[in-house]
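Encoded as structure tokens, the structure appears first; notes follow it.
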Amino acid sequence: MWLHMTVNYTSAVELKGVFKWYSEILAVDNVDLNVKPGEIFGLLGPNGSGKSTTLKMLLGLVQPDGGSVNALGINVQEDAVAVKRQVGYVPESPRLYEFLTGIEYLDFIGDIYGMKTEEKRARINEYLKALELEGREGDMISSYSQGMKQKVALISAFLHRPKLLILDEPLSGLDPRSARIVKDLLHKLKAQGVTTLMSTHVLEIAQALCDRIAIMYRGKLLALGTMDELRQRASMPGSGLEDIFLKLTGTGDIRAVVEELLK
Amino acid sequence: MNWKNVAHLIRVDMKSGRLIRGQRLTRYRESRLFTYLLYGGALAVGLAAGAIAGFVYNTVSVTADPQLRALFQQGVLNLFLSLPTLVLIFSLVFTMMQQIQRSGVKFSVQAPYWLPITWEEHTLASILANLFGFPIILIVFISSAIIVLSVFMGQIAYAVLTSFALLASAFMASAITEIFRILQVRFIGAVYKSSGRAAVWVRFVGSLLFFIVFYIVYFLITSGTGAIALVQTVASAQGAVWFVPFVWLGMILSSFTNGLFPQALVFMALSFLFISSLFYAAVILNRRFGLYEPPAITISRGIYAPRTGLLGKLGFSTVEVALIRKDLKAFTRRRELMFIFVLPIVLIIVPLMQSLGATGQPMPIQASLFLFALVFLMPSALMVTIMGSMMIGEEGEAVWRIYSSPISAENFVKSKYSFIVFFSILVTAATGVVGVAFFHPSVRAIIIGLTESILLVFALGAVSLANGIRGADFTELPRPRMIRVEWSFINMIACFLTAIAILIPLIPYASTSILFSSTQSAIALYQGVIISVVIAVVVTFVAYKLALKNARELLAKAEA
Chain A
1 MWLHMTVNYT SAVELKGVFK WYSEILAVDN VDLNVKPGEI FGLLGPNGSG
51 KSTTLKMLLG LVQPDGGSVN ALGINVQEDA VAVKRQVGYV PESPRLYEFL
101 TGIEYLDFIG DIYGMKTEEK RARINEYLKA LELEGREGDM ISSYSQGMKQ
151 KVALISAFLH RPKLLILDEP LSGLDPRSAR IVKDLLHKLK AQGVTTLMST
201 HVLEIAQALC DRIAIMYRGK LLALGTMDEL RQRASMPGSG LEDIFLKLTG
251 TGDIRAVVEE LLK
Chain B
264 MNWKNVAHLI RVDMKSGRLI RGQRLTRYRE SRLFTYLLYG GALAVGLAAG
314 AIAGFVYNTV SVTADPQLRA LFQQGVLNLF LSLPTLVLIF SLVFTMMQQI
364 QRSGVKFSVQ APYWLPITWE EHTLASILAN LFGFPIILIV FISSAIIVLS
414 VFMGQIAYAV LTSFALLASA FMASAITEIF RILQVRFIGA VYKSSGRAAV
464 WVRFVGSLLF FIVFYIVYFL ITSGTGAIAL VQTVASAQGA VWFVPFVWLG
514 MILSSFTNGL FPQALVFMAL SFLFISSLFY AAVILNRRFG LYEPPAITIS
564 RGIYAPRTGL LGKLGFSTVE VALIRKDLKA FTRRRELMFI FVLPIVLIIV
614 PLMQSLGATG QPMPIQASLF LFALVFLMPS ALMVTIMGSM MIGEEGEAVW
664 RIYSSPISAE NFVKSKYSFI VFFSILVTAA TGVVGVAFFH PSVRAIIIGL
714 TESILLVFAL GAVSLANGIR GADFTELPRP RMIRVEWSFI NMIACFLTAI
764 AILIPLIPYA STSILFSSTQ SAIALYQGVI ISVVIAVVVT FVAYKLALKN
814 ARELLAKAEA
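Note that the protein sequences, when read in sequence, are chains A and B.
Residues 1 to 263, numbered by my numbering, are exactly what the first sequence covers, in order.
Residues 264 to 823, numbered by my numbering, are exactly what the second sequence covers, in order.
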């Protein structure tokens with residue numbers, strides 16, 4: 001169980017004045033972000049807005065060109081391995097070792113995180129059953145559908161009881177039942193003190209799941225807050241996240257585009 | 264048949280072929296200057312070769328006695344007769360080689376399957392696209408040479424007919440390769456399905472056997488003596504097996520030369536029917552199995568492995584054992600990695616076959632010692648050099664798993680290095696047994712060979728791993744690259760120099776004992792071995808440290 005976690009940091013994630021350049025492109029522009037322990041935090045933004053780069057910086061997968069990145073009270077640049085030990089990560093398009101079977105892959109992950117054999121066995125079985133992969137766990141991953149691969153990637157993120165989950169489009173390709181299980185699981189984990197930082201393009205998911213949401217656009221944080229705070233910020237009381245998002249990112253005027261395509 | 268579709272598909276197929284071979288294309292329209300230069304070069308060399316042969320023929324005609332002239336003329340005609348069959352064999356080998364290159368490709372271009380293209384167009388384009396490159400270069404060279412030579416010999420019609428026969432032969436070879444490609448996918452699928460849990464091992468052993476046999480045939484027929492033996496065999500045996508469709512093109516020429524024109528027409532019609540039937544067989548097979556998906560391989564063994572097992576007792580951590588186990592599965596399950604086991608075996612078998620089969624007499628002791636050293640040292644040295652260089656890049660795009668997991672540079676390098684050293688020492692043991700069985704060396708030679716081989720494995724392993732980390736290329740599409748070309752080159756040079764540095768202290772002793780059969784005192788030998796050990800230890804230590812440094816940089820800069 002993940003219950004009764006000892007938390008000795010005030011922010012699960014803390015970014016201060018973070019910059020990241022890719023050649024001439026400023027991917028992340030002076031971002032300050034603070035995610036509280038036990039929070040489900042959503043990162044929204046159009047393609048290329050800097051979400052994935054921000055998430056990768058939290059694991060030390062991308063080095064910032066300026067500012068500081070802390071996760072679980074540890075400076076990521078100083079001790080990335082210590083952070084990785086406590087984080088579960090699912091990238092946007094997870095490439096798995098396709099020559100392994102599903103169970104071999106999860107077994108490998110359990111060993112990488114130093115899990116005991118009995119615990120590893122029990123937890124893998126639980127997840128395989130919950131996400132309906134039972135019966136296919138002995139097949140090579142190369143024969144899995146995209147959704148099945150996503151399930152394996154999610155299990156590998158949850159397996160070692162991480163304190164922080166960094167999920168880039170976690171529900172992509174999942175069937176409705178599995179998506180629901182993952183959403184419920186994230187809620188339960190939140191109750192147990194696990195922090196989740198996720199990016200998604202599905203605004204309904206963000207609205208339903210996240211305690212707070214940040215909207216990124218061209219590397220900058222445009223807005224950050226709860227749904228009510230975002231509505232106030234956009235001066236759109238009673239609106240859904242989609243309308244707020246389109247207004248804040250300046251991509252709302254799509255009618256003309258559609259008209260043009262229909263000509 | 265929409266010929267425009269065929270032309271477009273040929274272009275797409277050729278472009279994908281170039282991508283698979285590693286050329287990076289950035290524009291849709293690219294410069295084909297190099298390709299045209301190759302064809303132009305083949306034409307120029309062919310014309311020159313024909314002119315030289317014609318000049319020799321003229322000289323023989325003027326100066327030599329009639330018997331020699333007749334012999335020369337008969338020899339040339341025999342060569343002409345066997346050319347279609349020879350081109351068929353060579354084109355078959357080279358088009359098969361192209362298919363083998365594509366076997367490591369991660370995905371196939373399936374767009375043609377849902378575009379409005381018929382199976383006839385698709386199959387014809389695939390067959391023709393296979394011909395571009397070596398088969399066409401070979402035909403351009405041979406045709407230009409024989410046409411020029413035929414001018415001197417007064418056999419122009421015969422030469423032109425031969426050129427058409429060569430084109431038909433190459434088409435026949437490519438059609439056979441196309442049929443083989445489709446059947447191979449279907450057959451492999453059926454084998455996996457029926458072999459169940461043993462599918463992985465069936466695939467491993469089957470692929471190794473196929474590659475070994477193929478490469479041995481390839482090296483034998485492309486080597487000088489092998490090619491000459493093949494020409495002689497084809498020229499002499501063709502007439503005796505006239506009923507075999509593959510020699511019908513040669514039989515057309517044979518009948519034509521002997522003035523048997525009705526017979527030539529019959530073989531022409533038969534050849535046309537045979538080539539058409541090959542093409543339509545390929546079309547039918549493509550229609551039936553072109554979209555076939557091989558069944559999933561189910562393996563239920565090896566689950567919930569103990570955390571460390573035997574490797575743990577040898578001092579490896581859980582993380583390191585997990586990485587080693589994962590790599591072991593990669594090398595036995597990924598077809599594009601299996602060649603690593605094939606290459607050393609083939610490179611030893613071919614020279615052994617040629618050297619042992621060349622004379623049929625016992626070899627002199629010096630040659631025997633040299634070959635023993637070659638067999639003992641080369642395979643493992645070559646294996647560790649190649650394996651080390653691709654050990655990091657083989658992670659492919661799944662390398663994010665390494666980056667995002669709590670794996671330190673020390674864990675990473677130790678597991679990778681142990682893996683390549685362990686495998687290469689196994690190869691040393693195996694080739695040592697072969698060497699001892701074939702060449703019966705002295706106990707001293709065995710001990711020295713074993714020592715040097717192990718030193719090479721440790722030193723070259725560290726050097727190639729350091730280079731492999733620095734030059735890792737995780738690109739997987741269209742096929743896994745594993746190491747950047749320039750780093751592969753640097754690695755080869757670095758490993759070659761390292762091997763020379765380790766072996767050089769033994770060269771004075773080895774050269775005098777092999778070349779002059781002198782029995783120097785053992786002290787000179789042992790001094791050489793000690794210096795060799797010192798050099799190997801220093802190189803291994805420095806290269807391992809470099810590998811660690813490179814790994815730290817790699818893990819800290821995952822974005823690059």
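We treat Cβ as the ideally placed atom computed from N, Cα and C, and that holds for glycine.
*Figure out for me which residue from A:48, A:215, A:54, A:42 has the closest Cα to the Cα of residue 16 of chain A.*
Looking at the Cα atoms, A:54 is the closest of the given residues.
*Give me the Cα-Cα distance between residue 347 of chain A and residue 198 of chain A, rounded to the nearest whole angstrom.*
No answer is possible for residue 347 of chain A: the residues shown for chain A start at 1 and end at 263.
*Looking at the structure shown, is residue 397 of chain B part of a helix, part of a strand, or coil, going by DSSP?*
helix
*Using a Cβ-Cβ cut-off of less than 8 Å, list which residues of the region 665 to 683 of chain B approach chain A; keep chain order.*
Residues of the region 665 to 683 of chain B whose Cβ lies closer than 8 Å to any Cβ of chain A, in chain order: 666, 667, 668, 669, 670, 671.
_DSSP three-state label for residue 70 of chain A, please._
Under the three-state reduction of DSSP output, residue 70 of chain A falls in the strand class.
*Opposite residue 223 of chain A in the DSSP bridges: which residues?*
As computed with DSSP, residue 223 of chain A is found in a beta bridge with A:215.
*Is DSSP giving residue 413 of chain B helix, strand or coil here?*
Reduced to three states, the DSSP call for residue 413 of chain B is helix.
*Report back the beta-carbon spacing between residue 731 of chain B and residue 656 of chain B to the nearest angstrom; my notes put them in contact at under 8 Å.*
Contact between residue 731 of chain B and residue 656 of chain B is confirmed by a C-beta separation of about 7 Å, below the 8 Å threshold.
*In terms of residue numbering, what span does the beta strand (DSSP E) encompassing residue 195 of chain A cover?*
195 to 199
*Kindly list, in the order they appear in chain A, the residues whose Cβ is closer than 8 Å to that of residue 820 of chain B.*
63
*Alpha carbon to alpha carbon, how far is residue 413 of chain B from residue 419 of chain B? Give it in angstroms, no decimals.*
5 Å
*Proximal residues to residue 548 of chain B (C-beta, below 7 Å), its chain only, five neighbours per side dropped*: Closer than 7 Å at Cβ, skipping near neighbours: 442, 445, 446.
*So, is the C-beta of residue 816 of chain B closer than 9 Å to a C-beta in chain A?*
no
*May I have the straight-line CA-CA distance separating residue 688 of chain B from residue 796 of chain B, to the nearest angstrom?*
Per the coordinates, the alpha-carbon of residue 688 of chain B lies some 16 Å from the alpha-carbon of residue 796 of chain B.
*Anything in chain B within Cβ reach of residue 101 of chain A, meaning under 7 Å, just list it in chain order.*
Per Cβ cutoff of 7 Å: 562.
_Is residue 94 of chain A close to chain B? Criterion is C-beta to C-beta, closer than 9 Å._
yes
_Cβ neighbours of residue 3 of chain A in the same chain (closer than 7 Å, five flanking residues each side left out)_ = At residue 3 of chain A, the pLDDT of 44 sits below 50, so the modelled position is not reliable; the number obtained from the coordinates is stated separately. Here the set comprises 192.
_Best match in A:112, A:161, A:51, A:102 for proximity to residue 147 of chain A [C-alpha to C-alpha]_ = A:102
_Within 9 Å of any Cβ in chain A, is that where the Cβ of residue 469 of chain B sits?_
Using a Cβ-Cβ cut-off of 9 Å, residue 469 of chain B does not count as an interface residue toward chain A, since no Cβ of chain A sits closer than that to its own.
*CB of residue 653 of chain B within 9 Å of CB of residue 603 of chain B, strictly*: yes
*Identify whether residue 746 of chain B lies in helix, strand or coil by the three-state DSSP scheme.*
strand
*Who are the neighbours of residue 114 of chain A on chain B, taking C-beta pairs under 7 Å?*
581
*Run down chain A in chain order and give the residues with a C-beta less than 9 Å from the C-beta of residue 236 of chain B.*
Limits of chain B in this structure are 264 at one end and 823 at the other, which puts residue 236 of chain B out of reach.
_Length of the line joining the Cα atoms of residue 681 of chain B and residue 608 of chain B_ = For residue 681 of chain B and residue 608 of chain B, the distance between alpha carbons rounds to 22 Å.
*Taking buried to mean at least 16 other C-beta atoms within 10 Å of its own C-beta, is residue 707 of chain B buried or exposed?*
exposed
*asked:* Between which residues of its own chain and residue 432 of chain B is the CB-CB distance below 6 Å, once the five residues before and five after are set aside?
replied: 347, 350, 351, 512
*Go ahead and pull the three-state DSSP assignment for residue 47 of chain A.*
coil
*Return yes when at least one heavy atom of the ligand FMN lies under 8 Å from the C-beta of residue 528 of chain B, else no.*
As presented, the structure is devoid of all ligands, the ligand FMN included, so that no description of it is given.
*asked:* Which residue wins for smallest C-alpha separation from residue 61 of chain A, given the options B:605, B:409, B:670?
replied: When only C-alpha atoms are compared, the closest one is B:670.
*asked:* According to DSSP, residue 139 of chain A sits in a beta bridge with which residue or residues?
replied: B:561
*Put residue 380 of chain B into one of helix, strand or coil per three-state DSSP.*
It is coil, neither helix nor strand.
*asked:* Quick check: what's the CA-CA separation for residue 209 of chain A versus residue 393 of chain B?
replied: 54 Å
*Between the region 149 to 164 of chain A and the region 103 to 120 of chain A, do three or more beta carbon pairs fall short of 8 Å?*
For the pair of segments examined, the region 149 to 164 of chain A was found to touch the region 103 to 120 of chain A: the number of CB pairs separated by less than 8 Å reaches three.
_Local conformation of residue 806 of chain B per DSSP, three classes_ = helix
*asked:* Rounded to the nearest angstrom, what separates residue 760 of chain B and residue 636 of chain B at their Cα positions?
replied: 18 Å
*What is the C-beta distance between residue 390 of chain B and residue 434 of chain B, in whole angstroms, given that I count them as a contact (C-beta under 8 Å)?*
Confirmed, about 7 Å.
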